[in-house]
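Student:
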Amino acid sequence: MNRVDPPSIVNIADLRAAARKRLPRVVFDYIDGGADAEWTMRENARVFDDVLLRPRSAVATASVDLRTTVLGQSIELPFLLAPVGSSRLFWPRGEEVAARAGGEAGTIYTLSTLSGCPVGDVKAATRGPVWYQLCLVGGRDVAMGGIARAKAAGCSALVVTVDTPVAGNRERDVRNGTKELVSGAPFTMLPYVFQFLARPRWLAAFLADGGLMKFPNVMLKDGPMPYADVGAALEQSMVSWDDFTWIREAWQGPIVVKGVHTADDARRAIDHGAAAMVVSNHGGRQLDGVAPTLRVLPEVIAAVDGRAEVLIDGGIRRGSDVVKALCLGARAVLIGRAFAYALGAAGGPGVTRAIDILRSGIVRTMKLLGAASVRDLDRSFVQIPGDWLK
Ligand SMILES: Cc1cc2nc3c(=O)[nH]c(=O)nc-3n(C[C@H](O)[C@H](O)[C@H](O)COP(=O)(O)O)c2cc1C
Numbered sequence: 001m002n003r004v005d006p007p008s009i010v011n012i013a014d015l016r017a018a019a020r021k022r023l024p025r026v027v028f029d030y031i032d033g034g035a036d037a038e039w040t041m042r043e044n045a046r047v048f049d050d051v052l053l054r055p056r057s058a059v060a061t062a063s064v065d066l067r068t069t070v071l072g073q074s075i076e077l078p079f080l081l082a083p084v085g086s087s088r089l090f091w092p093r094g095e096e097v098a099a100r101a102g103g104e105a106g107t108i109y110t111l112s113t114l115s116g117c118p119v120g121d122v123k124a125a126t127r128g129p130v131w132y133q134l135c136l137v138g139g140r141d142v143a144m145g146g147i148a149r150a151k152a153a154g155c156s157a158l159v160v161t162v163d164t165p166v167a168g169n170r171e172r173d174v175r176n177g178t179k180e181l182v183s184g185a186p187f188t189m190l191p192y193v194f195q196f197l198a199r200p201r202w203l204a205a206f207l208a209d210g211g212l213m214k215f216p217n218v219m220l221k222d223g224p225m226p227y228a229d230v231g232a233a234l235e236q237s238m239v240s241w242d243d244f245t246w247i248r249e250a251w252q253g254p255i256v257v258k259g260v261h262t263a264d265d266a267r268r269a270i271d272h273g274a275a276a277m278v279v280s281n282h283g284g285r286q287l288d289g290v291a292p293t294l295r296v297l298p299e300v301i302a303a304v305d306g307r308a309e310v311l312i313d314g315g316i317r318r319g320s321d322v323v324k325a326l327c328l329g330a331r332a333v334l335i336g337r338a339f340a341y342a343l344g345a346a347g348g349p350g351v352t353r354a355i356d357i358l359r360s361g362i363v364r365t366m367k368l369l370g371a372a373s374v375r376d377l378d379r380s381f382v383q384i385p386g387d388w389l390k
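Numbering of the sequence shown is given in the working numbering, commencing with residue 1 and proceeding in unit increments.
1. Suppose you measure from the CA of M420 to the CA of M144; what does that come to, to the nearest Å?
2. Buried or exposed: R3, going by 16 or more other Cβ atoms within 10 Å of its Cβ?
3. Determine the DSSP secondary structure at F215, reduced to helix, strand or coil.
4. Could you tell me whether the Cβ atoms of L23 and F90 are closer together than 9 Å?
5. Roughly how many whole angstroms lie between the Cα atoms of M1 and A275?
6. Tell me which residues share the same chain as A13 and place their Cβ nearer than 8 Å to its Cβ, disregarding the 5 neighbours each side in the sequence.
7. Counting only the same chain and skipping the five closest in sequence on each side, list residues whose C-beta sits under 7 Å from that of P129.
8. My parser needs the beta strand (DSSP E) runs of 3 or more residues fully inside the region 326-386; what are they?
9. When we look at the beta-carbon of E235 and count the other beta-carbons within 10 Å, is it buried (16 or more) or exposed?
10. If you reduce the DSSP assignment to three classes, tell me which class K221 lands in.
11. In this structure, does DSSP put M41 in helix, strand or coil?
12. Please state whether DSSP places M144 in a helix, a strand or coil.
13. On a Cα-Cα basis, can you pick out the residue from R285, T69, G103, G154 that is closest to A37?
14. Kindly indicate which residue of R42, V142, F79, E96 has the alpha-carbon position closest to the one of M219.
15. Just to check, is the beta-carbon of G116 closer than 8 Å to a non-hydrogen atom of ligand 1?
16. Once DSSP output is grouped into helix, strand and coil, what is the label at N11?
17. For the beta strand (DSSP E) containing L23, name the first residue and the last one.
18. Excluding the 5 residues preceding and the 5 following V256 in the sequence, name in chain order all residues of the same chain whose CB lies nearer than 6 Å to its CB.
19. Nearer than 8 Å: is that true of the beta carbon of K214 relative to any heavy atom of ligand 3?
20. Mind checking which residues open and close the alpha helix (DSSP H) that includes A157?
21. T352 to R127, Cα distance in whole Å?
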């Protein structure tokens with residue numbers, strides 16, 4: 001299924017529908033789902049409706065400039081690809097494929113620790129920059145190994161995710177038998193395997209890519225961590241602010257803290273050496289009931305007061321969403337599901353199509369607003385609810 005052009009694919013929702021058609025339910029729901037009642041996940045996207053645009057009409061903006069810099073790195077677009085674990089379930093060599101598409105578009109790909117492709121292979125697959133997202137599965141020594149490999153591969157920033165002291169309660173994963181399917185025990189798996197047979201094209205591609213995987217970026221004493229162990233490993237992978245001391249020492253490069261929700265944590269992140277932070281609630285996959293990210297962006301920007309770069313993710317499905325986040329002061333945004341659906345729907349061409357949809361949406365919105373460059377976007381182009389600034 002590589003038909004990603006109009007009229008079949010017009011927006012990100014179409015890519016989501018195409019992913020649903022190609023992927024087994026357990027894989028689609030892994031991408032699409034959130035924690036508990038999924039309120040935060042839905043609100044992340046809905047809250048963009050609360051921000052109204054205020055255009056300047058009759059301004060000639062023949063061309064618009066989307067280029068910006070993040071941590072001193074020039075990028076062609078004001079959005080990056082967020083860390084999305086296990087992308088190799090969506091498409092063969094999924095992490096390499098997505099990184100390549102991101103690099104061709106001139107932006108950054110963030111590789112999750114919990115990926116199916118080794119960091120060296122992913123970096124080699126793209127001409128774009130790669131950031132490495134760290135979680136402490138397997139403990140400190142294992143994480144140090146991951147940091148060393150990311151450094152050797154040439155990753156340019158380390159993204160430390162701080163909102164995962166325990167895995168979120170994703171009810172869809174429980175219903176679909178995710179835990180049973182990764183157990184490797186045939187009788188345990190049996191009640192759930194039929195969803196794979198309903199997607200034979202996916203299954204053939206998955207098996208040809210090596211089938212059930214291990215995590216090559218989590219090197220334990222006896223080799224890469226098997227999938228079956230991820231649940232238990234996540235339970236023990238808590239990161240605390242004290243860990244930033246050894247992380248900073250081991251990495252010796254720019255650190256991005258991902259998972260900031262409040263002014264207090266924003267200040268704490270700076271105190272612990274963050275050069276940038278991502279206002280993120282993990283796409284509503286962790287603590288359900290936290291505020292949507294756009295809602296807390298003004299609070300975080302005010303607390304940071306220019307001392308670090310502030311990025312945001314969550315719920316971005318349209319170019320106008322990106323523009324609204326930039327108007328509220330984000331340096332750039334990260335997209336998660338928007339590219340994950342696309343990868344699951346159609347591999348590399350899918351990711352390229354998702355990027356094109358967002359890029360053209362940003363360009364159109366900026367022309368309609370009368371803004372010639374992302375550097376010109378500010379609060380004057382939006383109207384936000386009064387209580388957001390209190
Ligand atoms: C399938 C999936 C897997 C994810 N895996 C990770 C991960 O391994 N590490 C991490 O920090 N965030 C992970 N995230 C969260 C994303 O990096 C990002 O914060 C979130 O997807 C943004 O929301 P959006 O999907 O609405 O764009 C994952 C998200 C999805 C959808």
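For glycine and all other residues, C-beta sits at the position ideal for the given N, C-alpha and C.
Tutor: Looking at the atomic coordinates:
1. The requested residue 420 is not part of the displayed model; the chain covers only 1 to 390.
2. For R3, the number of other beta carbons within 10 angstroms of its own is below 16, and it is reported as exposed.
3. The three-state reading of DSSP puts F215 in strand, counting E and B together.
4. Contact flag set, yes.
5. Low confidence applies here, because M1 scores a pLDDT of 48, under 50, leaving its location unreliable; read the following figure in that light. Answer to the nearest angstrom: the Cα atoms are 41 Å apart.
6. Its chain contains R317 as the residues whose beta carbon lies nearer than 8 Å to that of A13, once the 5 sequence neighbours on both sides are disregarded; these appear in chain order.
7. Closer than 7 Å at the Cβ level, and outside the excluded window around P129, lie Q73, I108, S156.
8. 332-335, all fully within the region 326-386.
9. Exposed is the label assigned to E235, since fewer than 16 other Cβ atoms lie within 10 Å of its Cβ.
10. In this structure, DSSP gives K221 a state outside helix and strand, which the three-state scheme calls coil.
11. Reduced to three states, the DSSP call for M41 is helix.
12. M144 falls in the helix class under three-state DSSP.
13. When each option's Cα is compared against that of A37, the closest is R285.
14. The candidate whose alpha carbon is nearest that of M219 is V142.
15. G116 Cβ: outside cutoff for every heavy atom of ligand 1.
16. In the structure shown, N11 sits in coil (DSSP, three-state: anything other than H, G, I, E or B).
17. Membership of L23 in any beta strand (DSSP E) is not indicated, and neither H nor E is assigned to it by DSSP.
18. Result list for V256: A157, V159, A276, in chain order.
19. Questions concerning ligand 3 fall outside what the structure shown contains, since the ligands it does hold are ligand 1.
20. No alpha helix (DSSP H) holds A157; the beta strand (DSSP E) holding it covers 157-161.
21. T352 and R127: Cα-Cα distance of roughly 15 Å.
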